[in-house]
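If you count by my numbering, then the sequence shown holds residues 463 to 770, one letter each, in order. Every residue gets a Cβ at the ideal spot worked out from N, C-alpha and C, and that includes glycine. Data block below; observations after.
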Amino acid sequence: MSIDLSVTLCGVHLPNPTILASGILGLTHEVMVRVAEAGAGAVTTKSISLAPRDGYPNPVVLDWGPGLINAVGLSNPGVEVMVEEIRAAKERLAPLGVRLIASIFADTIYDFGPTARYVSAAGPDLIEVNISCPNLDDDYLQMFAADPYVAGQVTRRVKGNTDRPVLVKLSPNVTDIVRVAEAVVEAGADGITAVNSLGPGLILDIETGRPILAHGTGGVSGPPLRPIAVRCVRDIYRAVDVPVVGMGGVTSGRDAAEMVLVGATAVGIGSAIAYQGMKVFGEVCRELESYMERHGFERLERFRGRGG
Ligand SMILES: Cc1cc2nc3c(=O)[nH]c(=O)nc-3n(C[C@H](O)[C@H](O)[C@H](O)COP(=O)(O)O)c2cc1C
Numbered sequence: 463m464s465i466d467l468s469v470t471l472c473g474v475h476l477p478n479p480t481i482l483a484s485g486i487l488g489l490t491h492e493v494m495v496r497v498a499e500a501g502a503g504a505v506t507t508k509s510i511s512l513a514p515r516d517g518y519p520n521p522v523v524l525d526w527g528p529g530l531i532n533a534v535g536l537s538n539p540g541v542e543v544m545v546e547e548i549r550a551a552k553e554r555l556a557p558l559g560v561r562l563i564a565s566i567f568a569d570t571i572y573d574f575g576p577t578a579r580y581v582s583a584a585g586p587d588l589i590e591v592n593i594s595c596p597n598l599d600d601d602y603l604q605m606f607a608a609d610p611y612v613a614g615q616v617t618r619r620v621k622g623n624t625d626r627p628v629l630v631k632l633s634p635n636v637t638d639i640v641r642v643a644e645a646v647v648e649a650g651a652d653g654i655t656a657v658n659s660l661g662p663g664l665i666l667d668i669e670t671g672r673p674i675l676a677h678g679t680g681g682v683s684g685p686p687l688r689p690i691a692v693r694c695v696r697d698i699y700r701a702v703d704v705p706v707v708g709m710g711g712v713t714s715g716r717d718a719a720e721m722v723l724v725g726a727t728a729v730g731i732g733s734a735i736a737y738q739g740m741k742v743f744g745e746v747c748r749e750l751e752s753y754m755e756r757h758g759f760e761r762l763e764r765f766r767g768r769g770g
């Protein structure tokens, strides 16, 4: 049986459904190309802001056994540097057929407009809008994804400033993620990425009684997040008519199949790289193929959304 892992995400062809999640290794074109060579179908940049940001002091990430906790603080060199990285990455990814997703964020609703415009000029295949990190907007003092109305406003601002398909990345830290999904789709989102990290969480050094992360609290990711992410993807898939990129704790072909069963078109992988290295992309694809072979599925569409 010949198995075809390729997918179409918001009109963009991916050779396979695995995507490098934002924030993990997506800062330079060299590293993004290495991830593509390791087998990813698309790579996402670290979230990009208009101005450079230092982020929080070290330690910013902790492997606490079952998963990761991080408070990186969205450090990035800003749009001016990142558009050059995107251009360089695009050139080298094209022969591999691997796609590039540019993740953007801003502190204010207004700033999402120029950030989207600037980044889009570098020609990413898709834009991902990170509204699911704690933000510094004085008007809201909470992440944009916490409020369906605000999430819709951000989406409109981005859509008005780009000709690229737009994925909006949602947070599991809300009472009703479906309402937020509906609001961003109503505002023009072409797809949804679900989910960002969970929390914030807190891990102490019990000898000192102090948090281990310098920032104190941080987002929880990796396998402990997976059952929550799977439920979010299922609920969003059932409620809206746009593709969903499922992520949160995916480490194997089994986990990727589960995401597809609840409706994911593609599957993001982030924390697993810390445990398995870049080879995780190739491994997930091979394991997914053997699952499909066992079940007689030649394409992912054959079982997408059939579970849950
Ligand atoms: C160290 C680290 C940094 C991250 N930085 C970003 C970021 O810049 N933008 C973003 O949208 N998500 C960021 N995330 C969230 C991931 O993209 C992903 O949504 C989350 O970790 C769940 O997937 P995983 O369990 O496969 O890691 C970050 C996650 C980690 C662990």
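Buried or exposed (CB count within 10 angstroms, at least 16 for buried), residue i
i	result
residue 664	exposed
residue 557	exposed
residue 615	buried
residue 753	buried
residue 594	buried
residue 475	exposed
residue 542	exposed
residue 763	exposed
residue 761	exposed
residue 479	buried
residue 622	exposed
residue 466	exposed
residue 720	buried
residue 468	exposed
residue 696	buried
residue 597	Caution is warranted here: a pLDDT of 38 is assigned to residue 597, below 50, making its placement in the model unreliable, and the coordinate value is therefore given only provisionally. So residue 597 ends up on the buried side.
residue 423	It is not possible to answer for residue 423, since the shown part of the chain is limited to 463 through 770.
residue 688	buried
residue 538	buried
residue 580	buried
residue 513	exposed
Cβ-heavy atom distance, residue i to ligand 1, below 7 Å
i	result
residue 687	yes
residue 566	no
residue 523	yes
residue 657	yes
residue 486	yes
residue 635	no
residue 631	yes
residue 483	yes
residue 607	no
residue 782	Given that the chain is displayed from residue 463 to residue 770, the structure contains no residue 782 and the question cannot be resolved.
residue 683	yes
residue 731	yes
residue 508	yes
residue 712	yes
residue 534	yes
residue 463	no
residue 721	no
residue 530	yes
residue 774	Missing from the structure shown is residue 774; the chain here goes from 463 to 770 and no further.
residue 494	no
residue 709	yes
residue 592	yes
Residues that DSSP places opposite residue i in a beta bridge
i	result
residue 590	565 and 629
residue 683	530
residue 728	707
residue 538	515
residue 466	761
residue 656	632 and 708
residue 672	667
residue 525	530
residue 678	675
residue 504	481 and 561
Alpha carbon of residue i to alpha carbon of residue j, nearest angstrom
i	j	result
residue 653	residue 634	16 Å
residue 517	residue 756	46 Å
residue 599	residue 569	Low confidence applies here, because residue 599 scores a pLDDT of 41, under 50, leaving its location unreliable; read the following figure in that light. The straight-line gap from Cα to Cα measures roughly 5 Å.
residue 509	residue 631	11 Å
residue 629	residue 473	12 Å
residue 560	residue 745	17 Å
residue 464	residue 667	52 Å
residue 644	residue 670	45 Å
residue 515	residue 768	42 Å
residue 490	residue 618	29 Å
residue 642	residue 606	10 Å
residue 741	residue 624	33 Å
residue 613	residue 738	34 Å
residue 601	residue 535	Reliability fails at residue 601, whose pLDDT of 48 lies under 50, so the model's placement of it is uncertain and the value that follows must be treated cautiously. Roughly 20 Å separates the two Cα atoms.
residue 676	residue 604	21 Å
residue 493	residue 700	36 Å
residue 748	residue 495	20 Å
Beta-carbon separation (whole angstroms), residue i vs residue j, contact threshold 8 Å
i	j	result
residue 704	residue 656	Wrong, their Cβ atoms sit about 11 Å apart, outside the cutoff.
residue 735	residue 531	Not really, about 16 Å apart at Cβ, beyond 8 Å.
residue 725	residue 717	In fact, because the Cβ distance is near 15 Å, the residues do not count as touching under 8 Å.
residue 584	residue 639	About 30 Å; that fails the 8 Å criterion.
residue 707	residue 481	6 Å
residue 589	residue 578	6 Å
residue 524	residue 674	5 Å
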